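Peer 1: For reference, the structure I am asking about is given below.
Chains as they are written, first to last, in my numbering: chain A, 13 to 326; chain B, 2 to 287.
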């Protein structure tokens, strides 16, 4: 039996709705508005903080160039603030070399572990490896540094039969261990995102598992691998504590794998507490911090470009 | 539930804040918070003094950290610490470091420094000339100074270290340290220096006597052993006054702590046991 919707009933219904819209509903509207404002304020605070950090570091860093020429800072290799020589070239080369070496060591291993965990391992190994990798990401870097000093360096001294284990190889090994879990998990996620239909099509055509992995899966996660590498690189470039404990901290170019050297981050942490504010040395260290910020920004921009290209490509 | 939790948290924060409030002047129940930063050479002394002071005045909280001497007066200048431990008088100009205006220096100890080597190094004595050669990079093999045929690994302290400043002036007689090389390494604090020399075979470094324990060996300088007697009678030259820097004259808990460190009881007792030398024992200024 359909209810009669004559004018009287309609008014009754409308009044009821109005009654419902009164007290609790005004609260709801206010709450929504307040939450919206709260979100905007939070975003504003975050942006202001980030921009202030960049401006603060940049402002002090730029003061370097009133005393030191751009060419001297970026392209000369002598870092001797006591003799007014501010050539940060050594540290820039050191950072780039260390990062390159770390990636060369870590990427193949990460790729193989990720492929193993995602494609080949039985379920019980998957269940152990994935949380284990997540746990490794969370270990503080100073612990990796300490392990490097107490275990890795004596070990390197023994097997390479050299005098001092500190140097770029020790730092690269420690950093590889640190970025391995991150890169592996990211590649693992990319592999999991490959549609099952790709694999099934390949198997239907008679491929072996290795052929599926090498010819189908890895080409389709190319962009995911690049993203993972770039994010690992960002972490490696900014790593300070683990590096400063094993790298030897001498401002010289590494002419060998076992020569004590220095990178941007380790030099900043060794010298920043010792210099007085307002001196050229102080500004030069801030300029190096600025460089690190710039490198991070560039890397993150690259990741976003690759990701967006990937999305429209697929 | 959330309301209760935030009320409890607020109450706990306020309680904690009131407990750490600074109260200057009250001598009966001395209260306050002292933050000490700076020299790692003085750190063991500071920590021990803080422990003893706390049993006498439980209302005072002392937190002491160390990296290198320059951090002490810098922290005081910024207001981050009440006392800056420094291995030189930071209110005056020192080679490499400008004076910190407005800070008052208080002598608290005489710090003896020694040259240390890894425990397996067979050399027992080094002359000033040999030390100068080793730390400037001219002498590179232990066999040149009477040891085994092995390359010398030089471990130096980073810029900012008071130990480095004093060692350079007193032991190396102003010779420049080497700056690079494949057997050269720099570390930040005294603790790092001890760990480095202990774990690196054929290494040489320098540190104050309180850190010389199992694992490193102190070598004689010009056939004179590094100990308190030789410093007091003037034979061993490598020592320096340890200072506590404060912003202006200290008051309250800070003043009491410094006075405790300078008291005869502490100087002749604990301080001597830790291989430092009482300030009263040194008659000349330097």
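Cβ coordinates follow ideal geometry from the N, Cα and C atoms, glycine included.
If you're wondering where the values come from, they're calculated on a predicted model, not measured in any experiment.
Considering Cα atoms alone, identify which of A:312, A:307, A:286, A:242 is closest to residue 74 of chain B.
Peer 2: When only C-alpha atoms are compared, the closest one is A:286.
Peer 1: One question on the structure: do residue 121 of chain A and residue 192 of chain A come within less than 9 Å of each other, judged by their Cβ atoms?
Peer 2: Cβ atoms of residue 121 of chain A and residue 192 of chain A: closer than 9 Å.
Peer 1: Assuming residue 209 of chain B is part of the beta strand (DSSP E), what are its boundary residues?
Peer 2: It spans 204-209 - the beta strand (DSSP E) in which residue 209 of chain B sits, taken as one unbroken run.
Peer 1: For residue 201 of chain B, go through chain A and note every residue whose CB falls closer than 7 Å to its CB, in chain order.
Peer 2: 176, listed in chain order.
Peer 1: With a cut-off of 9 Å, does the C-beta of residue 208 of chain B fall near any C-beta of chain D?
Peer 2: No chain D appears in the structure shown, which is made up of the protein chains A and B.
Peer 1: Closer than 7 Å by C-beta to residue 26 of chain B: which residues in its own chain qualify, once you throw out the five before and the five after it? Chain order, please.
Peer 2: Low confidence applies here, because residue 26 of chain B scores a pLDDT of 42, under 50, leaving its location unreliable and the question unanswered by this model.
Peer 1: Around the Cβ of residue 28 of chain B, are there at least 16 other Cβ atoms within 10 angstroms (buried) or fewer (exposed)?
Peer 2: In this prediction, residue 28 of chain B has a pLDDT of 47, which is less than 50 and means its spatial position is unreliable; nothing more can be read from the coordinates.
Peer 1: How would you list, in chain order, the residues of chain A whose beta-carbon sits under 9 Å from the beta-carbon of residue 159 of chain B?
Peer 2: Ordered by position in chain A, the residues that pass the 9 Å Cβ test against residue 159 of chain B are 261, 282, 283, 286.
Peer 1: Taking only three categories from DSSP, how would you classify residue 184 of chain B?
Peer 2: Residue 184 of chain B: coil per DSSP, three-state reduction.
Peer 1: Tell me residue 287 of chain A's beta-bridge partners as DSSP assigns them.
Peer 2: The partner list for residue 287 of chain A (beta bridge, DSSP) is empty, contrary to what the question assumes.
Peer 1: Since residue 102 of chain A and residue 283 of chain A should fall inside the 8 Å C-beta cutoff, what is the C-beta to C-beta distance between them, to a whole number of angstroms?
Peer 2: Not really, about 13 Å apart at Cβ, beyond 8 Å.
Peer 1: To the nearest angstrom, how far is it from the Cα of residue 228 of chain B to the Cα of residue 92 of chain B?
Peer 2: Roughly 29 Å between the two C-alpha positions.
Peer 1: Could you tell me which whole alpha helix (DSSP H) segments of length 4 or greater appear in the stretch 135-195 of chain B?
Peer 2: Taking only runs of at least 4 residues, the alpha helix (DSSP H) segments lying wholly in the stretch 135-195 of chain B are 163-171.
Peer 1: Under a three-way DSSP split, which group does residue 26 of chain B fall into?
Peer 2: Note that residue 26 of chain B has pLDDT 42, beneath the 50 cutoff, so the model's placement of it is unreliable and the number below is only indicative. Coil, per DSSP.
Peer 1: Buried or exposed, going by whether 16 or more other CB atoms sit within 10 Å of the CB of residue 43 of chain A?
Peer 2: Its Cβ having fewer than 16 others within 10 Å, residue 43 of chain A is exposed.
Peer 1: By Cβ distance, which residues of its chain are closer than 8 Å to residue 124 of chain B, with the 5 residues on each side in sequence left out?
Peer 2: Closer than 8 Å at the Cβ level, and outside the excluded window around residue 124 of chain B, lie 118, 143, 146, 147, 148, 220.
Peer 1: Beta-carbon of residue 264 of chain A versus every beta-carbon of chain B: anything under 9 Å?
Peer 2: Judged by the 9 Å Cβ criterion, residue 264 of chain A is in contact with chain B.
Peer 1: Who are residue 219 of chain B's beta bridge partners in DSSP?
Peer 2: BP columns for residue 219 of chain B point to B:117.
Peer 1: Using a Cβ cut-off of 9 Å (strictly closer), state whether residue 196 of chain B contacts chain A.
Peer 2: Chain A, which has a Cβ nearer than 9 Å to the Cβ of residue 196 of chain B, makes this yes.
Peer 1: Since residue 150 of chain A sits in a beta bridge, which residues does DSSP pair it with?
Peer 2: The partner list for residue 150 of chain A (beta bridge, DSSP) is empty, contrary to what the question assumes.
Peer 1: For residue 52 of chain A and residue 87 of chain A, what's the separation of their Cα atoms in angstroms?
Peer 2: About 44 Å.
Peer 1: Short of 6 Å in beta carbon distance, which residues of its chain neighbour residue 256 of chain A, apart from the five on each side in sequence? Order them along the chain.
Peer 2: Excluding positions up to five away in sequence, the list reads 278, 281.
Peer 1: How is residue 239 of chain B classed by DSSP in three states: helix, strand or coil?
Peer 2: Residue state, collapsed to three classes: coil.
Peer 1: Can you tell me whether residue 16 of chain B is buried or exposed? The criterion is at least 16 other CB atoms within 10 Å of its CB, across all chains shown.
Peer 2: Flag for residue 16 of chain B reads exposed.
Peer 1: Is any beta-carbon of chain B found at less than 9 Å from that of residue 192 of chain A?
Peer 2: Closer than 9 Å: no.
Peer 1: What is the residue span of the beta strand (DSSP E) that residue 86 of chain B lies within?
Peer 2: Here the beta strand (DSSP E) through residue 86 of chain B covers 84-87.
Peer 1: Specify whether the stretch 130-148 of chain A and the stretch 239-249 of chain A touch according to this definition: at least 3 beta carbon pairs, one from each stretch, less than 8 Å apart.
Peer 2: Contact between the stretch 130-148 of chain A and the stretch 239-249 of chain A is absent, because fewer than three Cβ pairs lie under 8 Å.
Peer 1: Cutting at 8 Å between CB atoms, please list the residues of its own chain near residue 117 of chain A, excluding the five before and the five after it.
Peer 2: Cβ neighbours of residue 117 of chain A beyond the five flanking positions: 184, 185, 188.
Peer 1: On a CA-only basis, which of B:126, B:275, B:57, B:255 is nearest residue 107 of chain B? Give me that one, please.
Peer 2: Ranking the options by Cα distance to residue 107 of chain B, first place goes to B:255.
Peer 1: Using a Cβ-Cβ cut-off of 9 Å, state whether residue 85 of chain B counts as contacting chain A.
Peer 2: Not one chain A Cβ lies under 9 Å of residue 85 of chain B.
Peer 1: Can you tell me where the alpha helix (DSSP H) with residue 214 of chain B in it begins and where it stops?
Peer 2: Neither: residue 214 of chain B is in no alpha helix (DSSP H) and is coded neither H nor E.
Peer 1: State yes or no: is the C-beta of residue 14 of chain B within less than 9 Å of the C-beta of residue 248 of chain B?
Peer 2: Cβ distance not < 9 Å, so residue 14 of chain B and residue 248 of chain B don't count as in contact.
Peer 1: What residue range does the beta strand (DSSP E) around residue 32 of chain B cover?
Peer 2: Neither: residue 32 of chain B is in no beta strand (DSSP E) and is coded neither H nor E.
Peer 1: Cβ closer than 7 Å: which chain B residues qualify as neighbours of residue 271 of chain A?
Peer 2: Result: 183.
Peer 1: Could you tell me the distance, in whole angstroms, from the CA atom of residue 281 of chain B to the CA atom of residue 32 of chain B?
Peer 2: Near 29 Å, if we compare the C-alpha coordinates of residue 32 of chain B and residue 281 of chain B.
Peer 1: Would you call the stretch 255-270 of chain B and the stretch 163-173 of chain B in contact, with 3 or more CB pairs under 8 Å?
Peer 2: Judged by Cβ distances under 8 Å, the stretch 255-270 of chain B makes no contact with the stretch 163-173 of chain B, as fewer than three pairs qualify.
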